[in-house]
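**Student:** Here it is, the structure in full.
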Amino acid sequence: MPQHALADATTSFTQRILIGVRYPLRGAALITILAVAAFQLLTIVPISLVRVLVLFLSWIALYTYAIECLRHSADGFADPPEMAVNTEDRTSVALIVIQLAGNAFALLATLYFGTPGLLVLLLFAFVLPIMTMSLTFDGVEAALNPLTWITVVARLGGDYLLLFAIVTGAALLQAGAIYALLGRGPTFLGTAAFYVVANYLTIYTFHLMGALIHHRHESLGYQPESEVIAEAANPDDDVALLGHVNLIARDDIPGATDILTERLREGLAAVAMHTRYRELLRVQGRLPELLVHGQIWIAALVQAKEERRALGVVQDCVDVDPAFLPDATITCGPLADTAAHGGMTRLALHLALGYLRAWPGDMGAPHYGLLALRMHERQREPAEAAALGRRLLAAYPDHPLRGDIEALLASLATTRKVSP
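Be aware that the sequence shown starts at 1, since it is given in full-length UniProt numbering, and climbs by one per residue.
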């Protein structure tokens with residue numbers, strides 16, 4: 001059983017921001033903040049080498065625990081971890097190097113290129129939370145990959161902008177405090193207060209990164225550890241098998257994958273089995289098999305009325321192959337409708353247009369053509385919408401939806417005329 005209270009993934013990220021204010025003040029988090037701050041006070045020693053060494057070691061200690069807080073929060077636990085048990089020091093060092101190198105590059109760009117260079121600084125600040133989250137779970141290569149940045153921002157949407165605003169605000173607050181300290185001269189109490197507040201903000205922002213992953217874990221394709229623990233509360237053969245697979249995967253990833261392949265062929269399996277199978281396939285670069293599994297799992301999820309989870313799998317497959325499409329009308333159609341109703345406009349458009357291309361003679365094709373037309377309108381793409389509308393009228397001249405298509409085209413024409 002878990003030793004920590006569990007967070008509710010359905011709680012809005014805005015509310016998690018407010019609740020999270022108390023997170024660094026509980027348990028081991030507060031102890032870590034105070035202990036690291038006490039060590040950082042050694043920076044008042046007037047020896048440059050000692051000060052640099054103290055700062056570097058304190059950053060490693062703080063980031064090691066903060067990264068564990070990120071993991072813990074992403075896994076659905078509401079309380080801070082007791083200690084950093086899964087995070088290696090090298091991850092913390094990598095994060096420090098990324099921050100120092102990124103800030104140095106951004107500052108040099110600003111000094112040499114003025115305002116255009118400032119955009120580099122803003123861009124680095126914008127992607128730093130993504131890089132931190134990717135570094136925590138996927139390593140340095142993913143953290144430095146611009147495609148990762150684009151994918152994560154697209155999936156997190158407006159919530160990521162909130163996270164960025166808070167992380168930026170925390171950084172500006174620390175910068176202002178440093179400026180004030182330098183202006184008045186560093187005092188013992190002032191320095192101590194600065195380090196306590198700075199460490200608090202670090203733990204708080206890393207907690208929010210994890211909380212956002214937990215809140216949007218389905219769209220990210222991530223399974224929180226708390227769900228695995230909940231499933232293991234009543235142990236069964238699949239839980240034992242998954243534990244065995246994870247053990248085998250340490251030395252023999254293909255062998256672990258084969259074990260899961262056989263289990264999934266047997267029929268209904270837990271989400272954790274499918275998720276781990278996809279992780280192992282991705283690590284090995286077996287992308288065709290990843291797409292085949294996606295087709296099978298998507299169909300099973302739709303049949304089980306879990307369309308939202310199925311859409312997460314679709315998005316994952318589209319990231320691998322932009323032309324990916326569920327291979328049956330009874331799967332593709334309902335997912336297009338669900339995506340449209342859920343505000344996932346681009347995914348709904350992809351599915352609706354794919355339906356129209358793959359099954360133009362199907363009785364549902366005009367409906368999904370009209371859905372694609374509405375998604376074009378929602379994305380303010382009048383030229384694409386008009387072209388699609390004309391093709392629909394030509395392809396289905398006597399269909400009952402003809403009147404709706406004509407009305408939408410007329411509305412688009414009117415809008416374009418009155419637009420400046």
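Ideal placement from N, C-alpha and C gives every residue a C-beta, glycine not left out.
Taking only three categories from DSSP, how would you classify Ser12?
**Tutor:** Residue state, collapsed to three classes: coil.
**Student:** Is it right to say His350 is buried, meaning 16 or more other beta carbons lie within 10 angstroms of its own, or is it exposed?
**Tutor:** His350 is buried by the Cβ-count criterion.
**Student:** Quick one: grab the DSSP three-state call for Leu6.
**Tutor:** Correct three-state label for Leu6: strand.
**Student:** Buried or exposed: where does Asn246 fall if 16 or more other Cβ atoms within 10 Å of its Cβ makes it buried?
**Tutor:** Counting Cβ neighbours within 10 Å, Asn246 comes out exposed, since fewer than 16 surround it.
**Student:** Tell me which residue opens and which closes the alpha helix (DSSP H) that Phe39 is part of.
**Tutor:** Start and end: 27-40.
**Student:** Is it buried or exposed, Gly139, if we count other Cβ atoms within 10 angstroms and call 16 or more buried?
**Tutor:** It is exposed - the Cβ of Gly139 has fewer than 16 other Cβ atoms within 10 Å.
**Student:** Can you tell me whether Arg155 is buried or exposed? The criterion is at least 16 other CB atoms within 10 Å of its CB, across all chains shown.
**Tutor:** Buried.
**Student:** For Phe56, does the three-state DSSP call read helix, strand or coil?
**Tutor:** Phe56 falls in the helix class under three-state DSSP.
**Student:** When we look at the beta-carbon of Val320 and count the other beta-carbons within 10 Å, is it buried (16 or more) or exposed?
**Tutor:** Answer is exposed; the Cβ neighbour count stays below 16.
**Student:** Starting from the N-terminal side, write out each stretch of the alpha helix (DSSP H) that is 4 residues or longer and does not extend beyond the region 127-162.
**Tutor:** The region 127-162 contains these whole alpha helix (DSSP H) runs: 140-143, 146-156.
**Student:** With distances taken Cα to Cα, identify the nearest neighbour of Glu289 among Leu311, Leu260, Gln303.
**Tutor:** Checked all of Leu311, Leu260, Gln303; the closest Cα to Glu289 is Leu260.
**Student:** From Asn86 to Gly176, what does the alpha carbon distance come to, in whole angstroms?
**Tutor:** Any answer about Asn86 is weak, because its pLDDT of 47 lies below 50 and its placement is not dependable; what the coordinates show is given next. For Asn86 and Gly176, the distance between alpha carbons rounds to 34 Å.
**Student:** With DSSP collapsed to three states, give me the class of Phe194.
**Tutor:** Looking at Phe194 - three-state DSSP - the assignment turns out to be helix.
**Student:** In angstroms, rounded to a whole number, what distance separates the CA positions of Trp359 and Ile330?
**Tutor:** Rounded to the nearest angstrom, the two C-alpha atoms are 11 Å apart.
**Student:** Tell me whether Phe206 sits in a helix, a strand or coil according to DSSP, three-state version.
**Tutor:** Helix, per DSSP.
**Student:** Excluding five sequence neighbours on each side, which residues of the same chain lie with their C-beta closer than 7 Å to the C-beta of Pro129?
**Tutor:** These residues qualify, in order along the chain: Leu163, Phe164, Val167, Met209.
**Student:** Where Leu161 and Val127 are concerned, what is the direct C-alpha to C-alpha distance, given to the nearest angstrom?
**Tutor:** Computed Cα separation, rounded: 11 Å.
**Student:** Are three or more beta carbon pairs between the region 68-78 and the region 198-217 nearer than 8 Å?
**Tutor:** Contact between the region 68-78 and the region 198-217 is present, because at least three Cβ pairs lie under 8 Å.
**Student:** Closer than 6 Å by C-beta to Ile31: which residues in its own chain qualify, once you throw out the five before and the five after it? Chain order, please.
**Tutor:** The answer is none, since no qualifying residue turns up.
**Student:** By a C-beta neighbour count over all protein chains shown, 10 Å radius and 16 as the cutoff for buried, is Asp380 buried or exposed?
**Tutor:** Residue identity check: residue 380 is Arg in the sequence provided, not Asp. So Arg380 counts as exposed.
**Student:** Taking the C-alpha atoms as reference points, what is the distance between Leu212 and Gln99?
**Tutor:** Answer to the nearest angstrom: the Cα atoms are 21 Å apart.
**Student:** Give the DSSP-derived three-state secondary structure of Phe77 in the structure shown.
**Tutor:** Strand.
**Student:** Compare the beta carbon distance of Val313 and Ile296 with 7 Å and say whether it is the shorter of the two.
**Tutor:** Result no, Cβ atoms of Val313 and Ile296 do not sit closer than 7 Å.
**Student:** So, for Leu356: in the same chain, excluding its five sequence neighbours on each side, which residues have a beta-carbon less than 6 Å away from its beta-carbon?
**Tutor:** Same-chain partners within the cutoff: Ala365, Tyr368, Gly369.
**Student:** Provide the residue span of the alpha helix (DSSP H) that contains Trp297, from first to last.
**Tutor:** Start and end: 287-303.
**Student:** Counting C-beta neighbours from all protein chains within 10 Å, is the total for Thr10 16 or more, i.e. buried, or is it exposed?
**Tutor:** Classification for Thr10: exposed.
**Student:** Kindly indicate the opening and closing residues of the alpha helix (DSSP H) around Leu260.
**Tutor:** 253-265 is the span of the alpha helix (DSSP H), which, as asked, contains Leu260.
**Student:** In whole angstroms, what is the alpha-carbon distance linking Asp252 and Ala383?
**Tutor:** If I take the Cα positions, the gap works out to 53 Å.
**Student:** Would you report the Cα separation of Tyr323 and Ala256, rounded to the nearest angstrom?
**Tutor:** A small correction: the amino acid at residue 323 is Ala; Tyr does not occupy that position in the sequence shown. Rounded to the nearest angstrom, the two C-alpha atoms are 29 Å apart.
**Student:** The alpha helix (DSSP H) that contains Pro334, what's its start and end?
**Tutor:** Residues 329-341.
**Student:** Taking the continuous alpha helix (DSSP H) assigned at Asp398, which residues delimit it?
**Tutor:** Note, Asp398: premise wrong, no alpha helix (DSSP H); not H, not E.
**Student:** Using the Cα positions of Ile19 and Tyr204, report the straight-line distance between them to the nearest angstrom.
**Tutor:** Going by the C-alpha atoms only, they are around 10 Å apart.
**Student:** Using the three-state DSSP reduction, which class does Ile47 fall into: helix, strand or coil?
**Tutor:** Three-state DSSP puts Ile47 in coil, outside helix and strand.
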